[in-house]
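Heads up: the structure comes next, in structure tokens.
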């Protein structure tokens, strides 16, 4: 019995750590990424320990992300998936102000990203959830920009990966003061 109580106490102490997230501020927006991910951004400090771990430099990361049109890349430390974020100017209307039928039309326009799985509403945006093979994309248009958040699994997509990406989208703050 004592052993079970000790194990339970340890589990209670460790679980919050496993659920922890790192806040990433990208200037245009901020978001929470699971603590189990190594995060790369164009504005990394030259002394960031991740750079040495991956054998690269802040300048190289900025070049690589820029050449791919990315604002952020996060690698799950066990290698199960990679998350990327792109954010580009787009003068179209915000998805959050669109009717369901208009969102369906947007999904058809973005069919190269996958088939529409669902629509996810956060406090600041509406996201189209598109599924294609081992990738899941959440796209939105907000504040005059088109945002694409993509999780690409090394194998098949697991349900928890969908939850992770949706939690990241829910955490996104586009600076709208809401």
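Numbering (the numbering used here), first residue to last: 380 to 557. No residue lacks a Cβ here, since even glycine has one placed at the ideal position from N, Cα and C.
Strictly by DSSP, which residues pair up with residue i?
| i | result |
| --- | --- |
| residue 463 | 452 and 529 |
| residue 440 | The partner list for residue 440 (beta bridge, DSSP) is empty, contrary to what the question assumes. |
| residue 413 | 400 |
| residue 500 | 505 |
| residue 542 | In DSSP, residue 542 forms no bridge with anything. |
| residue 515 | 510 and 530 |
| residue 520 | 525 |
| residue 419 | 452 |
| residue 552 | 409 |
| residue 478 | According to DSSP, residue 478 bridges with nothing at all. |
| residue 495 | 509 |
| residue 468 | 524 |
Within its chain, find whatever has a CB closer than 7 Å to the CB of residue i; leave out the 5 residues flanking it on each side and keep chain order.
| i | result |
| --- | --- |
| residue 460 | 530, 531, 532, 533 and 540 |
| residue 446 | none |
Within its chain, find whatever has a CB closer than 6 Å to the CB of residue i; leave out the 5 residues flanking it on each side and keep chain order.
| i | result |
| --- | --- |
| residue 526 | 466 and 519 |
| residue 441 | 421 |
| residue 486 | 495 and 507 |
| residue 448 | 465 |
| residue 550 | 410 and 411 |
Is residue i near residue j, with beta carbons less than 9 Å apart?
| i | j | result |
| --- | --- | --- |
| residue 457 | residue 419 | no |
| residue 475 | residue 521 | yes |
| residue 509 | residue 484 | no |
| residue 524 | residue 407 | yes |
| residue 405 | residue 463 | no |
| residue 492 | residue 480 | no |
| residue 552 | residue 410 | yes |
| residue 455 | residue 425 | no |
| residue 546 | residue 399 | no |
Got a sec: does the ligand GTP put a non-hydrogen atom nearer than 8 Å to the Cβ of residue i?
| i | result |
| --- | --- |
| residue 516 | For the structure depicted, the ligand GTP is absent and the ligand set is empty, with no information on it obtainable. |
Less than 8 Å between the CB atoms is what I'm expecting for residue i and residue j, so what's the real figure, rounded?
| i | j | result |
| --- | --- | --- |
| residue 582 | residue 499 | Residue 582 lies beyond the range of the chain shown here (380 to 557); nothing can be said about it. |
| residue 535 | residue 513 | 6 Å |
| residue 482 | residue 515 | About 17 Å; that fails the 8 Å criterion. |
Quick one: residues in its chain with C-beta nearer than 8 Å to the C-beta of residue i, no 5 flanking neighbours on either side, listed in chain order?
| i | result |
| --- | --- |
| residue 444 | 419, 420, 421, 450, 451 and 452 |
| residue 416 | 401, 453, 454, 455, 456 and 462 |
| residue 478 | none |
| residue 423 | 429, 430, 437, 440 and 441 |
Is any beta-carbon of chain C found at less than 9 Å from that of residue i?
| i | result |
| --- | --- |
| residue 441 | Reference to chain C is not applicable here, since this structure consists of a single protein chain. |
The segment 458-476 touching the segment 429-438, judged by at least three CB pairs closer than 8 Å: Not touching, per the Cβ criterion.
Do the segment 503-523 and the segment 434-451 make contact, defined as three or more Cβ pairs closer than 8 Å? Three or more Cβ pairs closer than 8 Å define a contact, and the segment 503-523 falls short of that threshold against the segment 434-451.
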